Ligand code: GDP
Ligand code: IMO
Ligand code: MG
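Have a look at this one:
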């Protein structure tokens, strides 16, 4: 009944494109964690759509889009996204926002910047969208939920929070938030969003009873997980499989297929360890060939080879039932391709991924090499049509992970996909 799409590496693996394909027969597409730190791109007929909050499944007009309780929402960004979709001919009357989702407010964004400045050597390189501070408030229990946002209590809750946050912002010399203008602005946002806010958990359980298919759209990725990622260089939520249950209210017994998305190489934005990173002209070449610049922040992404040690960790943690591998076309433009099959740490071979910062910073990748030059594969519709070099690379990844690559991306367009 419930299928899940998760990032298996450090984000930007092309989850949006896979969701767009899978939503064809899904009644609901649900975001369960993160906020507008995400940027999911889909190219339809040469037109690019970038989703930050609304599930990418919304491009399928029959699919209802849900922002689950685990999501943090910047109302301004959401309203922009809704109007952008409307401009492109989408009605957006099939969007539902959980009454339990938390709000991102201007003080969260200001605090995100402030915290980055005072972190010194443990700077994270956040998207500065207020994500961390909004989740802090959620767990500290001063957060404002969507149900509060549209209630008469919003004014007093906002006042208390702004007064408290301004003490901190002032102490560190950062911009204080003006209550009156903020309230006026956000009251208007509340009016616009009110019709979309409801008990989405109840809706989803009704759907389950009716045997309707639900697709959960992961944002961020396994190695950015607050518990299982490369802490502290992570995001403030659980983009791994557990986040699906806590971020939607759906029990584990309903989950069937769990797809992990990777690229045929890898990338990372922001700080933190990255064993297979290529800080050389090959890394630069991959960045240019794959257009690896952030969808959300436009930052150049760090690029490197695919890492089987990290992938096997993602398979294990999430119980992945299949892999989706994008950008086979991009990696096929290189003469030679490397695949990291193990690490060497303190002279010893290691195949189990560690999130221990000190060990990971010492890890040296052990590579196998493959021939590239796949030629133009954008029109290949089956695995059999792929050139032999591409098949050898795919087969070896499947062998090393003991997991089937069920979807292969052969270009950025919606149609550039091989289904197996
Ligand atoms: P997400 O955050 O995981 O949804 O990924 P992003 O949208 O941030 O980044 C993925 C980028 O790769 C986008 O620009 C996609 O249009 C693009 N993309 C996805 N799949 C493929 C593929 O198979 N080949 C190529 N060339 N581009 C792809
Ligand atoms: P999608 O869904 C790539 C990274 C940031 C930073 C760290 C913490 O498009 O794959 P945050 O703003 O969340 O506190 O930043 O996490 N990050 C992402 N990197 N793709 C994303 O989302 C990301 N969301 C957050 O760059 O290193
Ligand atoms: Mg992205």
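Residue numbers (our numbering): 38 to 457.
The beta-carbon is built from N, C-alpha and C at its ideal position, and this holds for glycine as well.
Bear in mind that the values here come from a model prediction, so they are computed numbers and not experimental data.
query	result
Check: residue 261 C-beta below 6 Å from any heavy atom of the ligand IMO	yes
Alpha helix (DSSP H) runs contained entirely in the region 370 to 432, provided each spans 4 or more residues	394 to 399
Start-to-end residues for the beta strand (DSSP E) that takes in residue 13	Since the first residue of the chain shown is 38 and the last is 457, residue 13 is not available in this structure.
Which of helix, strand or coil DSSP assigns to residue 289	helix
Shell residues, 5 Å Cβ cut-off relative to heavy atoms of the ligand MG	49, 76, 332
Length-filtered (4 minimum) alpha helix (DSSP H) runs lying within the region 254 to 317	279 to 283
For residue 328, three-class secondary structure by DSSP	coil
Local Cβ density within 10 Å of residue 328, reported as buried at 16 or more and exposed below that	exposed
Collapsed DSSP secondary structure at residue 343 in the structure displayed	strand
Pairwise C-alpha distance: residue 140 and residue 185	9 Å
From 180, 152, 86, 413, residue whose alpha carbon lies closest to that of residue 205	152
Alpha-carbon spacing of residue 64 relative to residue 251, whole angstroms	6 Å
Residue burial classification, residue 356 (beta-carbon count within 10 angstroms, cutoff 16)	exposed
Contact test: residue 64 Cβ vs the ligand GDP heavy atom, cutoff 6 Å	no
Strand pairing of residue 78, partner residues [DSSP]	87
Within the region 96 to 174, ranges of the alpha helix (DSSP H) (whole runs, at least 4 residues)	112 to 124, 143 to 155
Assigned secondary structure, residue 216 (DSSP; H/G/I helix, E/B strand, else coil)	helix
Through-space distance from residue 52 to residue 278, alpha-carbon basis	15 Å
Beta-carbon gap between residue 146 and residue 167 smaller than 7 Å	yes
Residues bridged to residue 457 [DSSP beta-bridge criterion]	Paired residues: none, contrary to the question.
Selected residue, minimal CA-CA separation from residue 380, among 398, 244, 427	398
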